[in-house]
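Novice: 140 is the number that my numbering gives the last residue of the sequence shown; the numbers go up by one with no jumps.
Each residue gets a CB set at the ideal place from its N, CA and C atoms; glycine is no exception.
Starting off with a structure, shown below.
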Amino acid sequence: MTNVFFRVSVLTPVAILMILISGSLALAQGGGKAEPLRIEFKRGTTTTTIVDKVKDDQQAEYVLAAKKGQRLTIKLTSAPRRSAVFDLKAPDNADLGLEYDANYNFNKLLPVTGDYFITVVRPTDAEGTSDYKLVITIH
């Protein structure tokens with residue numbers, strides 16, 4: 002009877018370790034939240050274009066460094082038409098006057114210097130894929 006207790010007590014920590022390892026591998030494979038993709042402009046240009054897609058409830062995140070007083074223009078087109086929208090967050094959540102659910106264009110002088118965050122999503126809970134083109138100009 003002592004042998005059975007000994008075997009169980011030795012196997013239990015090993016079993017727990019295996020469960021923890023397999024659980025952490027599953028989390029790593031399933032992916033956590035990825036860092037936003039940093040938008041950089043080619044030398045001598047003020048416009049860049051991103052072509053990508055979002056599926057179901059996925060979102061695409063981008064970050065852009067800009068200075069106060071620069072003009073930022075964002076144009077989003079998608080297929081099917083208007084199947085993707087974007088949100089723009091300023092550093093320290095400075096107000097940009099945007100509504101999250103219907104942004105396809107933005108053209109304003111920026112209120113503060115820092116990193117601006119752009120998130121592209123599908124504006125519906127229905128399953129599907131939206132192919133999009135995001136044209137970003139800063140000057």
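(1) Could you pull the start and end residues of the beta strand (DSSP E) that residue 86 belongs to?
(2) Helix, strand or coil for residue 104, going by three-state DSSP, please let me know.
(3) Identify which residue in 46, 47 and 62 has its Cα closest to the Cα of residue 53.
(4) Would you check if there are 3 or more beta carbon pairs closer than 8 Å linking the segment 37-48 to the segment 84-93?
(5) Express the C-alpha separation of residue 111 and residue 68 in angstroms, rounding to a whole number.
(6) Would you list the one or two residues that DSSP bridges to residue 50?
(7) Looking at the ligand NAD, does it come within less than 7 Å of residue 121, judged from the CB to the closest heavy atom?
(8) Can you name the start and end residues of the beta strand (DSSP E) that residue 115 belongs to?
Specialist: Considering the structure as presented:
(1) 86-90
(2) Coil, per DSSP.
(3) 62
(4) no
(5) 7 Å
(6) 136
(7) The ligand NAD is not part of this structure, which contains no ligands at all.
(8) 115-122
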